[in-house]
Amino acid sequence: GFGELTEDDPDPEQFDDAVAGVVCAQYGISTPGAYRASIIHAFGHGFSNDYDAHQGTVHGVLAPDVLRYVFGEVDGRRRLLAEALGVAEPSMDDDELAGAVVDAVAGVRDDLGLPSRLRAIDGLSRDDLPDIAEIIHDDGLFAEAPVQPSVAEIEDVLAD
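Residue numbers (our numbering): 955 to 1114.
Written out as structure tokens, the structure reads:
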């Protein structure tokens, strides 16, 4: 996995798997003729201008919580995601699939050494969350999102 990429001599097969995963993830955004940025990307935009945090770090922090919210509202292709992440079992119901996806994504975040909480972002205060939720809500990427959360729902996701 990603944890082994920091070794002096990473296993070439694992390195190939990691690179293939990055390529697949990027392809999902930049497919010719279609733009497929995710709701997670929209959440990241709320932190782009006013905080000294890489947007990818923000994505890593928020992805499990955003996915948990999405799966609470819609199917969100949870079985497809679980299969792609290698965590699907035929006997799993929808809730189990959603939980497995969220756990797998949190595991990737942890393997990358990313923080698990927004409070790790320098200069961010809980008092900032309402304004950030407004910025996220107004982001143009929500036109592509599987759900259209309210400002209050976005703030709840951020507060988790």
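We treat Cβ as the ideally placed atom computed from N, Cα and C, and that holds for glycine.
For residue i, count neighbouring Cβ atoms within 10 angstroms of its own Cβ and tell me buried if that reaches 16, exposed if not.
| i | result |
| --- | --- |
| P1018 | buried |
| V973 | exposed |
| L1034 | exposed |
| A1099 | buried |
| P1084 | exposed |
| A1106 | exposed |
| V1120 | This structure cannot speak to residue 1120, because the chain is shown only from 955 to 1114. |
| A1007 | buried |
| G998 | buried |
With respect to the alpha helix (DSSP H) encompassing residue i, which residues constitute its N-terminal and C-terminal limits?
| i | result |
| --- | --- |
| P1044 | Neither: P1044 is in no alpha helix (DSSP H) and is coded neither H nor E. |
| L1112 | 1105-1113 |
If you draw a straight line from the alpha carbon of residue i to that of residue j, how long is it in whole angstroms?
| i | j | result |
| --- | --- | --- |
| A1097 | G1000 | 16 angstroms |
| G1077 | S1045 | 45 angstroms |
| G1026 | S1079 | 27 angstroms |
| N1003 | D1092 | 14 angstroms |
| R1031 | A1074 | 30 angstroms |
| A1054 | V1041 | 6 angstroms |
| G1061 | L1072 | 17 angstroms |
| P1103 | T1011 | 22 angstroms |
Less than 9 angstroms between CB atoms is the rule here; does residue i satisfy it with respect to chain D?
| i | result |
| --- | --- |
| D1114 | The structure shown has no chain D; it contains just one protein chain. |
Does residue i come out as helix, strand or coil in the three-state DSSP assignment?
| i | result |
| --- | --- |
| F1001 | coil |
| P1018 | helix |
| R1032 | helix |
| V1172 | The structure shown does not extend to residue 1172, since the chain is modelled only from 955 through 1114, so no value can be given for it. |
| H1013 | helix |
| H995 | helix |
| A1007 | coil |
| D963 | coil |
| D971 | helix |
Considering only heavy atoms of the ligand ADP, does any lie closer than 8 angstroms to the CB of residue i?
| i | result |
| --- | --- |
| G1014 | No copy of the ligand ADP appears in this structure; indeed no ligand is present at all. |
Checklist entry - In chain order, which beta strand (DSSP E) runs of at least 3 residues are fully inside the region 1044-1091? => result none
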